[in-house]
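Residue numbers (my numbering), protein chains in the order written: chain A, 4 to 1071; chain B, 92 to 553.
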């Protein structure tokens, strides 16, 4: 019984008008073609008058002009054939290994559309367990350095590989003496080809070929000392994770000493006050190092007093030594406590010594042996295979070259002796006496610019490599991109020159095949592809029983009026990546200075000698001339509290490219309006090279020396990211306690909640926690969906700076250069605030005495201050003060608790930045990707450098605000992959770049609404507090109270449960 | 006609007739400009153009050409903004509030005070515009229908309230000023001899014919506009103060700000009026209309508002201690003893001590002394805003982010440039506009004119 409804298109259809019937069949009106229109005779009669014509003309011009205003269209060309493992928009991760002769780490490389863009530590494979340092993370930028050599050079002229090969091969053949000078080669394949070369050239007993390993910073003394103590020239394995007491004698093991990537991770494990035990760390040093800043007790000593400290410890533990146990007052307390602690922990102790003085190392061995630490914290079997350079051998070789008795062919691999030798200049001049000089350098650096042939090696991310950093460890580095330039692996070059292979061109398999063969012999039975996938595998070690015997101690560092200490900074290290703008702009973990090296001196001494001890944008520091070994440099004098009186410190690694060598665009000083500062027509180097300041003691290179320092005229601008150094006793920012208090007292004692007075029902005043006060309606982020949160453990943060560089790499943070940093405009989304304690504080952030507290005195750091490193990023406040003040709602709150920035909407009033209590917002003062001031330093201004940008993150334009986003692009990616697999996001599945790269796991992120998540538990912990809680902004970031494993009688008195105090008051 | 007691000082000195008033006001417009005018105009124009050039450089290069940094997001820009807005307070106060309170002495000064207001608000309005990182999308602060997914402005933001407050204030002031100008333009039109100026002034006069109906409407509109403008006098600076008061920054987050800012604004506005009028009365021969009594009245306003400001400063200090809030206390300790102590003590000296000197009658009747103090007050008021803005944020919560502010030469050029531009406008005004509300002044000639007060008739009609 269907009713057929009838619909009409209109009244015409209903009425069936004649027009309707006529046009019914024609759905569209009859179109007239242009030809028809133009050929219409009546066209001339139409009324398009002159005025109409002008109107049309005007309109079209205006329309065309407006249309031209649009942004230029950049074409994205899709793949015609999709490569395997490459899905546009999806990252591909490769497990690999990083080694540059200085840093070593097992890494994961993120590639997007075939471009490596991010490096992080590999937490699952390799003994570094995810540990990286800023230099490893930043090395990805070096791949896209536009001044990297793009092919072989002969006599500075570009040439072909076949020419180079022909000439070098014949030179090697005809030479009487061939020397290969390399950094410590830990590659089994390279070592194999070198031994093959030696066999081929030397025959049975010849000495035509020689391989000398040379480390820019030498560890020769450890090997020599062990040769004397154990009869083996080894560097033992160290295990900080087993050490209940760590005594470091001038070893910055968290930053530069030996294997900081491994040691920082191990150390981090022992710094958790919630685990069974927490290590006690003693540091005796001259400069305030990163390790020293984390020590529980720190003694300030001059290099010449280190032996006294060691002897004092030995005697304190019942040992005997001929060295006198004199110890300065500034180290007495720390040494006495160390003896107590060492006695308690016995063999679970570890003494490390950073000096390259054999005597000091022998004393260290003695102490470790006295404690029975060999076998627990020190491993004589699984030795560290890095730093094999032998000072005596290197010295002899250098002397030969300088005196004209050098080899006929000199191959230089991974070294830059002209820069890093104490007498580099003389060595450089002497290079011209050698008939054939070859370098494998990637740039025309100080040494390579003086050689005949440069045969550039691949960048570490472009080629195959294998490494044996430890006796039991075999690691593989795999390429993550096809070589960008016409470079060739050094392994291949050596094979070719030894006549064992033919050049393979860009897609050469020579190195790969040779490596696979090496692998088969070194790791029999293992699968090469599988190992490559994991990046490493274990090797069996054969343990030979080494027996300790006492060795005599001589040539200990001599005492001097002024002693200079040469150290290495977190960013620049020994200067390998001096052209890396990320690292140049990485604030030094302690001084917070960027783009420079300087003379460090204790402010107490400086005030006596009339040096300025404060600095800011317009007030520089005084210059001084330091003279050592007859060489002098003039550098600014930086006031570094904690520096031993009578010592000065200068960082190595600066002054690269002093003769204007082409080592990379960012390696030189730039001017205020762009371009380089010049000196004699050449770009001016950053800082000064102080390799010449080393002393040679009995053939060993030592990084201590006696110095003369004289105040020079003039001021020097310093670009520091922090110009105020104490926390002014502000307890709501930094909270500290001791392990004793933490384990024995209530939370109220060391981490009291901030309370405000409120009227209760009875009309009486009552102190209630901040949680109960709220001006605003709560954001609907609790209990619904995700709520991203973060905890930062101040106890485990060592201040290394890895998070900062990881953030910069992940989020395309622009580099702004020295002049802009000096003006307080660095763009880092994450910074690490460093606070020194003052004499007014019992601990950082705790006033000694509230009544007598003086703001004036609190501004000055103590002479030997305690240090707190406090990573600071956007707190994603649930009541964000920035959100309410933006007139155009460019910054808003997401329903996942994130404070979001819509760059497109921002009009740049900067009101949000002013109103941010944490001062984490960063404004684009200029157009960093195009303004002339940043041409040399910002990689985004370079066609090749731009390749490093993360395509998931917008490059911001000028005039907009930016800030930490909690790596929202990673959150989205994690959520999407979970959604695709129809599951919830798992705990720990998402990590921000900072938490991902933290070697000590100090930064934890996750979903706070997941009550079982690690982050939720961490934020509910007794140690968790919110910085500036009383402001009421309800941040999603929690800090955790810094716990020091020390005795602090003042804190004991101050940190009593507040309730008790109140009860007392009520009783009165 | 309203008459006042003889013992009150006359408001118009000398034996002026209605025609004299017309002549006195119109002469500078009709005569050739004196050489001095050209010199001053030339100087102002050069300075103004330098400022415009600097602004162009700023817009072309980025906010980085100023001396701001990651900690200090506002410094000279917003200081200048608040300073100019403050100066722009006196005009409307004089013309609206004093009109409602029937203060006849306002008639001599209201025209130029209002002109000053408008030009000052122009200068003030410039700063929020150029301080934006992306001026070209600045129109997003207006709640206009749009197609960006229909994005709306954030009504919680005090900066948005500023947009409304300033634009309302400017438009009402402008209309008020112009309405007052109409009868005077008509007078000039009627006297004009050259065809061009006749044409121009007849356009400006809106066809005013002086009929009773016109006067009636004129009075009514003036009263209505005065009623509208009066709350604006108080709202504008209250809202400007909300920029700071609603924030979380110690030293900004202060509930005392609205009344304190309004008093400060009136204080600085009157000082600027003094500076300008003391020169103008001399240069344009208006000593008979703007004389010691007017100056004294204004000095009393300066003294009263200055005392309010001083009280506010001391209240702030007290509260910072009394609140027991660590950060609040430090903000004020830092102001007085920190690196910017000199700015704080300049402010205290200029704004708290100098107006107190006005208690002495000989001083407040001394034109030279008044001129000096008027400059001092405006310097002090500039420092007040600088102290509030910069010394609060340069050391706020986290000591690691503490910083110092150093102005760049562009900061200085833009500020000085706006002073130049202001004088360009003001000199043009003085040259082409009747600087005295001549038709209004005529209404008090018989009530407060000296010659009438001295004439015997004056008492009989009483």
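Glycine residues also receive a C-beta, built at the ideal position from the N, C-alpha and C atoms.
Neighbour flag for residue i against chain B, beta carbons, 8 angstroms
i                      : result
residue 731 (chain A)  : yes
residue 1055 (chain A) : no
residue 91 (chain A)   : no
residue 620 (chain A)  : yes
residue 1068 (chain A) : Here the model assigns residue 1068 (chain A) a pLDDT of 46, short of 50, so the residue's position is not dependable, and the following value carries that caveat. Closer than 8 angstroms: no.
residue 727 (chain A)  : yes
Of the listed residues the options, nearest to residue i (C-alpha basis)
i                     : options                     : result
residue 883 (chain A) : A:1000, A:1038, A:755       : A:1038
residue 516 (chain B) : B:186, B:156, B:211, B:161  : B:211
residue 399 (chain B) : B:415, B:347, B:373, B:434  : B:347
residue 240 (chain A) : A:472, A:359, A:1015, A:219 : A:472
residue 695 (chain A) : A:757, A:122, A:629         : A:629
residue 613 (chain A) : A:193, A:987, A:605         : A:605
residue 466 (chain A) : A:522, A:836, A:100         : A:100
residue 254 (chain A) : A:272, A:426, A:225, A:39   : A:225
Minimum Cβ-Cβ distance from residue i to chain A less than 8 angstroms
i                     : result
residue 244 (chain B) : yes
residue 237 (chain B) : no
residue 497 (chain B) : yes
residue 224 (chain B) : yes
residue 435 (chain B) : no
residue 417 (chain B) : yes
residue 503 (chain B) : no
Cβ separation of residue i and residue j, assumed to be a contact under 8 angstroms, to the nearest whole Å
i                      : j                     : result
residue 499 (chain B)  : residue 468 (chain B) : Their Cβ separation, rounded to whole angstroms, is 27 angstroms, which puts residue 499 (chain B) and residue 468 (chain B) out of contact at 8 angstroms.
residue 481 (chain B)  : residue 112 (chain B) : Actually they are not in contact, since the Cβ atoms of residue 481 (chain B) and residue 112 (chain B) sit about 48 angstroms apart, beyond 8 angstroms.
residue 760 (chain A)  : residue 299 (chain A) : Residue 760 (chain A) to residue 299 (chain A), Cβ: 38 angstroms. No contact.
residue 459 (chain A)  : residue 490 (chain A) : 5 angstroms
residue 1003 (chain A) : residue 992 (chain A) : With 8 angstroms as the limit, residue 1003 (chain A) and residue 992 (chain A) do not qualify as a contact, their Cβ atoms being about 21 angstroms apart.
residue 856 (chain A)  : residue 843 (chain A) : 6 angstroms
Beta carbon of residue i nearer than 8 angstroms to that of residue j
i                     : j                      : result
residue 177 (chain B) : residue 298 (chain B)  : no
residue 947 (chain A) : residue 149 (chain A)  : yes
residue 263 (chain B) : residue 311 (chain B)  : no
residue 691 (chain A) : residue 583 (chain A)  : no
residue 229 (chain A) : residue 372 (chain A)  : no
residue 830 (chain A) : residue 1040 (chain A) : no
residue 243 (chain A) : residue 250 (chain A)  : no
residue 803 (chain A) : residue 267 (chain A)  : yes
residue 413 (chain A) : residue 182 (chain A)  : yes
residue 296 (chain B) : residue 277 (chain B)  : yes
residue 960 (chain A) : residue 927 (chain A)  : yes
residue 539 (chain A) : residue 478 (chain A)  : yes
Under 9 angstroms from the C-beta of residue i: neighbouring residues of chain B
i                     : result
residue 803 (chain A) : Correct list: empty, because the minimum Cβ distance to chain B is about 17 angstroms.
Under 8 angstroms by beta carbon: chain B residues contacting residue i
i                     : result
residue 922 (chain A) : 161, 162, 487, 488, 489, 492
Interface residues of chain B facing residue i [CB-CB closer than 7 angstroms]
i                      : result
residue 1031 (chain A) : 488
Contact set between residue i and chain A, taken where Cβ atoms lie within less than 7 angstroms
i                     : result
residue 249 (chain B) : 888
residue 229 (chain B) : 910
residue 165 (chain B) : 913, 917
Compile a chain-ordered list of the residues in the segment 859-884 of chain A whose CB is closer than 9 angstroms to at least one CB of chain E. Considering every chain present, this structure includes no chain E. Its protein chains are A and B.
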